[in-house]
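Chemist: Going from the sequence shown to the working numbering is simple: count from 1 and add 221.
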Amino acid sequence: MTTRHTHPCGRIILSDNLPVLKAMDAGSVDLIYIDPPFNTGRTQSRTRIRVERDEDGDRTGFQGIRYRTEVLGRSGYADTHTDYLAFLEPRLREAHRILAPNGSFFLHIDYREAHYCKVLLDDIFGRASFMNEIIWAYDYGGRSKRKWPAKHDTIFWYARDPRAYTFNFDEMDRIPYMAPGLVGKEKAARGKTPTDVWWHTIVSPTGGEKTGYPTQKPLGVLKRIVKVHSNQGDTVLDFFAGSGTTGKAAARNGRHFILVDSNAEAARVMAGRLARFAPECIGFPAKADLERLTDTQLTLAYTEHRGHHDE
Ligand SMILES: C[S@@+](CC[C@H](N)C(=O)[O-])C[C@H]1O[C@@H](n2cnc3c(N)ncnc32)[C@H](O)[C@@H]1O
C-alpha cells in the first residue's frame, strides 16, 4: 500500500491494525503516536446522557433545580490482552519499519506497563534512539488515602535516527512560570518552554472537546506532539486511534493523517469528528451513510469487512 500523500487529507480505517501496518510501505510515515489499550482487563465504557430540566427529575443541580436524565447510548471496547507484550511487539516492529528516516514514534502508556514497554522498545529501536520519557501529569478524580494518588501517564519518544529527526523548537507552546515574580515582566508574559513533564487537564467530561469515546486524550497534548515532531504536509499515523484525537491535531495543522481502529464505534466517532476534513473511510460506510445506520448494521458492515480482509 502506498501511503505517502495519496489522499489530500486523511484516511480512517476500521480494521485490526496489524494487517494494515504490514501493508504499508517502509519509511512512509513521518510521525506515529499510539495509545494502546492499557490491559486493565476491564471493558472501557462511557455512557452518553442528556439532562433536561424537570420538576420530577432524578438529579438535583445548582440551586436545587431538578433535572431528568436520558441515556443516549453507550460506547466501549474490551481492554483485555492476556499477553500484552506479545500483542504489542509485532505492531511495534511494523511501526519501526514504516517510520521515515527522520521520523518519530510516540507510545502513550499506563505507568503499570511502561517499564516493560521501554525494554521492548529499546530492543526494537535501539537504546540510542530513546529520546525522552514524557510524563503527562493531570489532576482529576479520586485521591487514594493509602498511597500517593497515581495521576500521570507515560509517553515514550523514540527517534528512527537519533542524529537526524524533526524537532521544531519554535513551534512549542509556552507555559506560565511557576514563580513569575522571580523573572522580569517581559519573560513572565512570554512564558517558558515545557520540560518533559507536561501538566495538562484531562478532557473535561462536560466540555466541548468531549466526544463521548472512553479514554479520549486531550487535543492539547497531541497538538504539541504534532507541531514539534512533524512538518506541514507530513503524514501522521495513529493505529490505536480511538476517537481520532491525533487525526484532529494533524489535520488542523496541515498534516495528512492515517487512523486505524478495530472498533466500529471508534470509526463512527472519528468519521463524525473529522467530517470537515473529508477523510477517506475504509472498511466502513462514509459519514452520511453512518448516520443512518444502527449499531447492529454497523457491526455487520464491520464483520463483512473483516471477512473480506481475512480471505
Ligand atoms: C486507549 S484507546 C485510544 C484513545 C485515543 N488516543 C483517543 O484520544 O481517543 C485504544 C484504542 O485501541 C483500539 N484497539 C485495540 N486493539 C486494536 C487493534 N488490534 N487494532 C486496532 N485498534 C485496536 C481500541 O478499540 C481503542 O479505541
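C-beta: ideal position from N, C-alpha, C; glycine also.
Remember, it's a predicted structure, so these values are computed and weren't measured experimentally.
Please report how far the alpha carbon of residue 356 lies from the alpha carbon of residue 409, in whole angstroms.
Modeler: In the sequence shown, the residue the question calls residue 356 occupies position 135. In the sequence shown, the residue the question calls residue 409 occupies position 188. Their backbone Cα atoms lie some 24 Å apart in a straight line.
Chemist: Go to residue 412, then tell me how far its beta strand (DSSP E) extends in each direction, as first and last residue.
Modeler: Mapped onto the sequence shown, residue 412 falls at position 191. Where residue 412 is concerned, there is no enclosing beta strand (DSSP E), given that its DSSP letter is neither H nor E.
Chemist: On the CB-based measure, 16 or more other CB atoms within 10 Å of its CB, does residue 352 come out buried or exposed?
Modeler: Walking along the sequence shown from the start, residue 352 turns up at place 131. Flag for residue 352 reads buried.
Chemist: Would residue 414 pass as a contact of residue 388 if the rule is Cβ separation under 9 Å?
Modeler: Counting from 1 along the sequence shown, the entry for residue 414 is found at position 193. Counting from 1 along the sequence shown, the entry for residue 388 is found at position 167. No, the pair does not count as a contact, with Cβ atoms beyond the cut-off.
Chemist: In the structure shown, what three-state DSSP assignment does residue 460 receive?
Modeler: In the sequence shown, residue 460 corresponds to position 239, counting from 1. Here residue 460 sits in coil by DSSP.
Chemist: Which runs of the alpha helix (DSSP H) spanning at least 4 residues fall entirely within the segment 387-454, listed in chain order?
Modeler: You should have 406-411, 440-450.
Chemist: Cα-Cα, which of 392, 458, 230 is closest to residue 250?
Modeler: Translated into positions along the sequence shown, residue 250 becomes position 29. It is 458.
Chemist: Alpha carbon to alpha carbon, how far is residue 519 from residue 498?
Modeler: Here residue 519 is taken as the residue at index 298 of the sequence shown, counted from 1. Here residue 498 is taken as the residue at index 277 of the sequence shown, counted from 1. Caution is warranted here: a pLDDT of 45 is assigned to residue 519, below 50, making its placement in the model unreliable, and no coordinate value can be reported.
Chemist: Buried or exposed: residue 378, going by 16 or more other Cβ atoms within 10 Å of its Cβ?
Modeler: Locating residue 378 in the sequence shown gives position 157, where the first residue counts as 1. Buried, since its Cβ has 16 or more Cβ neighbours within 10 Å.
Chemist: Taking one C-beta from the segment 394-403 and one from the segment 459-477 each time, how about it: are there three or more such pairs within less than 8 Å?
Modeler: As far as the Cβ criterion goes, the segment 394-403 does not touch the segment 459-477, which means the pair count is below three.
Chemist: If you run the structure through DSSP and keep just helix, strand and coil, what is residue 483?
Modeler: What you label residue 483 is simply residue 262 of the sequence shown in a count that begins at 1. Residue 483: coil per DSSP, three-state reduction.
Chemist: To the nearest angstrom, how far is the alpha carbon of residue 488 from that of residue 248?
Modeler: Mapped onto the sequence shown, residue 488 falls at position 267. Mapped onto the sequence shown, residue 248 falls at position 27. Taking the straight line joining both Cα atoms gives about 26 Å.
Chemist: Quick check: residue 336 and residue 359, are their CB atoms within less than 9 Å of each other?
Modeler: Position 115 of the sequence shown, counted from the first residue, corresponds to residue 336. Position 138 of the sequence shown, counted from the first residue, corresponds to residue 359. No. Outside cutoff.
Chemist: Below 8 Å, is the gap between the Cβ of residue 329 and the nearest heavy atom of ligand 1?
Modeler: Along the sequence shown, one-based indexing puts residue 329 at 108. Yes, the Cβ of residue 329 comes within 8 Å of a heavy atom of ligand 1.
Chemist: Any heavy atom of ligand 1 closer than 8 Å to the Cβ of residue 259?
Modeler: Within the sequence shown, numbered from 1, the residue matching residue 259 stands at position 38. Indeed, a heavy atom of ligand 1 lies less than 8 Å from the Cβ.
Chemist: Run through the DSSP bridge pairs and tell me what residue 250 is partnered with.
Modeler: Indexing the sequence shown from 1 puts residue 250 at position 29. Paired residue(s): 320.
Chemist: Assuming residue 353 is part of the beta strand (DSSP E), what are its boundary residues?
Modeler: Within the sequence shown, the letter at position 132 stands for residue 353. Segment 351-358, the beta strand (DSSP E) holding residue 353.
Chemist: Report yes if the C-beta distance between residue 481 and residue 241 is below 9 Å; otherwise report no.
Modeler: One-based indexing of the sequence shown puts residue 481 at position 260. One-based indexing of the sequence shown puts residue 241 at position 20. Taking 9 Å as the Cβ cut-off, residue 481 and residue 241 qualify as a contacting pair.
Chemist: Going by DSSP in three states, residue 471 sits in which element: helix, strand or coil?
Modeler: Taking the sequence shown and counting its residues from 1, the one referred to as residue 471 is at position 250. Three-state result, residue 471: helix.
Chemist: Please find out if some non-hydrogen atom of ligand 1 comes closer than 8 Å to the beta-carbon of residue 346.
Modeler: For this step, residue 346 is matched to residue 125 along the sequence shown. No, Cβ of residue 346 sits at least 8 Å from all heavy atoms of ligand 1.
Chemist: I'd like the list of long-range same chain contacts for residue 475, defined as Cβ closer than 8 Å, with 5 residues on each side in sequence excluded.
Modeler: Along the sequence shown, read from residue 1 onward, the residue named residue 475 stands at position 254. Contacts found: 453, 454.
Chemist: Do you know how far the Cα of residue 348 is from the Cα of residue 311?
Modeler: In the sequence shown, the residue the question calls residue 311 occupies position 90. In the sequence shown, the residue the question calls residue 348 occupies position 127. So the two alpha carbons sit approximately 18 Å from each other.
Chemist: Indicate the three-state DSSP secondary structure (helix, strand or coil) for residue 230 in the structure shown.
Modeler: Position 9 of the sequence shown holds residue 230. If DSSP states are grouped into helix, strand and coil, residue 230 belongs with coil.
Chemist: Under a three-way DSSP split, which group does residue 501 fall into?
Modeler: As a first step, residue 501 must be located in the sequence shown, where it is residue number 280. In the structure shown, residue 501 sits in a strand (DSSP, three-state: E or B).
Chemist: Check whether the Cβ of residue 231 sits closer than 8 Å to any heavy atom of ligand 1, and report yes or no.
Modeler: In the sequence shown, counting from the first residue as 1, residue 231 sits at position 10. Checking the Cβ of residue 231 against ligand 1 gives no.
Chemist: In terms of alpha-carbon separation, which member of 326, 484, 417 lies closest to residue 164?
Modeler: Because the chain in this structure spans residues 222 to 532, residue 164 falls outside the shown range and cannot be described.
Chemist: Can you give the Cα-Cα distance for residue 225 and residue 451, rounded to whole angstroms?
Modeler: On the sequence shown, residue 225 is found 4 positions in, with the first residue counted as 1. On the sequence shown, residue 451 is found 230 positions in, with the first residue counted as 1. Low per-residue confidence applies at residue 225: pLDDT is 49, beneath 50, and the placement is therefore not dependable enough to give any value.
Chemist: Over what stretch of residues does the beta strand (DSSP E) that includes residue 534 continue unbroken?
Modeler: The structure shown does not extend to residue 534, since the chain spans only 222 to 532, so no value can be given for it.
Chemist: Taking 8 Å as the cut-off, is the C-beta of residue 487 nearer than that to any heavy atom in ligand 1?
Modeler: For this step, residue 487 is matched to residue 266 along the sequence shown. It does: the Cβ of residue 487 is within 8 Å (strictly closer) of some heavy atom of ligand 1.
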